[in-house]
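Line by line, the protein sequences are chains F and P. For the first sequence, position 171 matches number 172 in this note's numbering, and the numbering has no gaps at all. For the second sequence, position 87 matches number 88 in this note's numbering, and the numbering has no gaps at all.
Protein chains: 2
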Amino acid sequence: MAVGMAQDIGVSAAEPATERLGLRERKKRATRQSLHSEALRLVAERGFDEVTIEDIAAAADVSPRTFFNYFGSKEDVIVNPDPDRVERLRGLLAGDAADKPPLDVLESVLITSLDEVTDRREEWLLRLRLVREIPALTPRHLAAFDAMERVLIDDVAQRTGRDASADIYPVLVGSAAMAAMRAAIARWGAGDGRRPLPDLVREAFAALRTGLAVPS
Amino acid sequence: MAVGMAQDIGVSAAEPATERLGLRERKKRATRQSLHSEALRLVAERGFDEVTIEDIAAAADVSPRTFFNYFGSKEDVIVNPDPDRVERLRGLLAGDAADKPPLDVLESVLITSLDEVTDRREEWLLRLRLVREIPALTPRHLAAFDAMERVLIDDVAQRTGRDASADIYPVLVGSAAMAAMRAAIARWGAGDGRRPLPDLVREAFAALRTGLAVPS
DNA sequence: CGCCTCGATGCGCTTTCCGCAACAATGCAG
DNA sequence: CTGCATTGTTGCGGAAAGCGCATCGAGGCG
């Protein structure tokens with residue numbers, strides 16, 4: 002029985018495959034997303050210190066204990082909604098051409114990864130505003146970028162056949178690329194997303210390539 | 002009255018003025034330093050999770066309540082020993098020549114500020130090791146660099162007459178410079194301080210100026 | 001249909017973190 | 001050197017964070 006019950010399971014790289022994933026997995030994602038959304042909403046409404054984890058759990062209809070199965074802290078639930086971000090980035094890097102200059106690889110991959118941002122544009126803008134306004138969020142926000150930075154560094158090291166723990170070059174390229182990304186995202190957020198994010202990233206990378214000379 | 006009572010208060014930029022500072026201030030610094038040192042020692046010996054704030058306070062001979070008058074968390078006491086670091090950096094920047102390219106200013110000022118590192122060389126090496134080994138320290142460690150980065154950015158913005166919240170250039174130069182600094186410090190720490198830190202910083206800035214081209 | 005896996009939950013405990021109010025030491029002026 | 005103002009220390013008490021553990025129930029799968 003159950004012939005034709007699972008309608009189409011071809012994994013196309015295009016769509017995020019969020020549909021046929023098993024009820025369990027879908028519920029988990031929904032719970033995580035719900036916790037994140039409710040946290041954003043509550044903190045935006047009342048302020049960071051006026052929201053407890055119990056509040057957030059209640060708003061997302063789970064027990065406080067469950068909250069901690071998903072996030073390690075109140076900062077986390079605001080700043081770290083997507084647990085797979087780093088792995089996806091690694092995947093993108095692995096799939097990129099081998100003969101381009103390292104900085105070009107990082108630029109194009111990072112721009113590709115921006116889909117995740119523009120897909121949830123409003124959520125990102127709100128989150129960036131909260132990070133700007135709530136100092137307590139800064140450390141973990143930076144840590145999230147740092148995790149991506151490490152992936153970039155490893156990739157550059159491998160690509161150029163250098164040792165990331167002995168040679169400063171991969172570390173520098175990786176961190177500089179991430180700095181460009183951060184700067185672009187910060188600008189985008191501060192400007193309420195008026196300028197397209199990919200443009201800002203390209204502008205930042207262009208400046209890196211000039212050796213950061215003062216532009217006219 | 003009180004003629005000739007204050008024996009010389011000329012603030013010479015050379016010595017850190019740690020001597021004539023009033024008993025109160027000296028005690029405060031001693032307490033802070035003691036909390037930091039004991040925390041480093043205990044965590045290095047037992048591991049981060051096996052040390053409580055109560056332990057650290059006891060080792061430094063103060064009450065647990067006093068700990069929180071100095072540091073906001075266990076991560077802080079490890080990673081943030083010096084509360085004036087950012088202000089000193091701002092001072093250095095303010096005192097630097099106005100006609101050099103922004104990147105040159107940042108490089109020379111940051112190198113000057115390295116005295117603080119080499120002065121307490123062993124402490125820094127230990128702290129860097131702990132940061133490498135204990136993931137929980139990463140967020141606040143990054144936040145400390147971020148605070149310096151903001152100062153750099155403000156300086157570049159002012160120096161070039163640009164608006165740091167509308168123009169991406171100051172943000173990018175500031176973050177790239179800080180990335181160079183971080184990379185150099187990380188390398189220095191990972192290599193147990195074998196290569197002189199200023200050399201590493203110069204190497205990193207040189208790479209930035211080439212636009213991060215692959216070195217031969 | 002029935003077993004197995006795994007996430008949700010409740011419980012209880014330790015630790016963090018901080019406001020508050022007394023107390024003690026320091027700084028300072030007369 | 002003496003009294004007053006400042007300011008750091010401490011104890012108290014409490015809210016909240018964070019996590020190990022055992023249990024229960026829903027989902028996966030043959």
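Even glycine gets a Cβ: it sits at the ideal position worked out from N, Cα and C. Please read these numbers as outputs of a predicted model, since none were measured by experiment.
Rounded to the nearest angstrom, the gap between the Cα atoms of Arg30(P) and Asp85(P) is 11 Å. At a C-beta separation below 9 Å, Arg188(F) has these neighbours in chain P: Ser166, Ala167, Asp168, Ile169 and Val172. Apart from sequence neighbours up to five positions away, the residues of its chain that approach Arg42(F) with a beta-carbon distance below 8 Å are Ala60, ordered along the chain. Listed along chain P are Pro102, Pro103 and Thr161, each with a C-beta nearer than 7 Å to that of Val215(F).
DSSP, read as helix, strand or coil, puts Thr211(F) in coil.
Taking C-alpha positions only, Asp97(P) is separated from Pro199(P) by approximately 18 Å. Between Ala181(P) and Phe206(P), the CB-CB gap stays under 8 Å. Closest option to Gly73(P), judged by alpha-carbon separation, among Glu88(P), Leu90(P), Arg91(P) and Ile54(P): Ile54(P). C-alpha of Arg163(P) to C-alpha of Asp105(F): approximately 28 Å in a straight line. For Val202(F), the three-state secondary structure derived from DSSP is helix. In this structure Ala99(F) does not touch Arg27(F) by the C-beta definition: roughly 36 Å separates them, more than the 8 Å allowed. With a 10 Å radius around the Cβ and a threshold of 16 neighbouring Cβ atoms, Asp116(P) comes out exposed. Flagged as an interface residue toward chain F: Ala191(P), by a C-beta distance shorter than 8 Å. Straight-line measurement puts the Cα of Thr32(F) at about 11 Å from the Cα of Arg25(F). Straight-line spacing of the CA atoms in Ile112(P) and Pro103(F) works out to 28 Å. Within the region 99-133 of chain P, those residues whose Cβ lies closer than 9 Å to any Cβ of chain F are, in chain order, Pro102, Pro103 and Leu104. The DSSP-derived three-state label of Asp50(F) is helix. For Asp156(P), no chain F residue has a Cβ inside 8 Å of its Cβ, as the nearest lies near 14 Å away. Ile57(P) places its beta carbon 8 Å or farther from that of Phe49(P). With fewer than 16 neighbouring CB atoms inside 10 Å of its own CB, Thr211(P) falls in the exposed class. In the DSSP assignment, Pro140(P) falls within the unbroken alpha helix (DSSP H) covering Thr139 to Thr161.
Think of a sphere of 7 Å around the beta carbon of Gly212(P): the chain F residues whose beta carbon falls inside it are Leu209, Arg210, Thr211 and Gly212, in chain order. Neighbourhood of Asp147(P) in chain F, by CB distance below 8 Å: Thr139 and Leu143, in chain order.
Residues of the region 176-187 of chain P that bring their beta carbon within less than 9 Å of a beta carbon in chain F comprise Ser176, Ala177, Ala178, Met179, Ala180, Ala181, Arg183, Ala184, Ala185 and Ala187, in sequence order.
About 6 Å separates the CB atoms of Leu143(P) and Ala144(F); that is less than 8 Å, so the two are in contact.
Closer than 7 Å at the C-beta level to chain F, one finds no residue of the region 33-60 of chain P. Straight through space, the alpha carbons of Glu123(F) and Arg141(F) are spaced by roughly 21 Å. Taking the beta carbon of Glu204(F) as reference, the chain P residues within 8 Å of it are Ile169, listed in sequence order. At least one C-beta of chain F is nearer than 8 Å to the C-beta of Leu201(P).
Burial is judged here by how many other beta carbons sit within 10 angstroms of a residue's own beta carbon; Glu39(F) has at least 16 and is buried. The alpha-carbon of Leu153(F) is positioned some 8 Å away from that of Val174(F).
Counting other Cβ atoms within 10 Å of its Cβ, Lys75(P) reaches 16 or more and is therefore classed as buried. Residue nearest to Ser35(F) within the set Arg130(F), Ile79(F) and Gly92(F) is Ile79(F) (criterion: CA-CA distance). Sequence-distant partners of Gly194(P) (beyond 5 residues in either direction) whose C-beta falls short of 6 Å from its own C-beta, in its chain, are Leu126. Under a 10 Å Cβ-count criterion, Ser64(F) is classified as exposed, with fewer than 16 other Cβ atoms of the shown protein chains found around its own Cβ. Judged by DSSP secondary structure, Arg121(P) falls outside any alpha helix (DSSP H); it is assigned neither H nor E.
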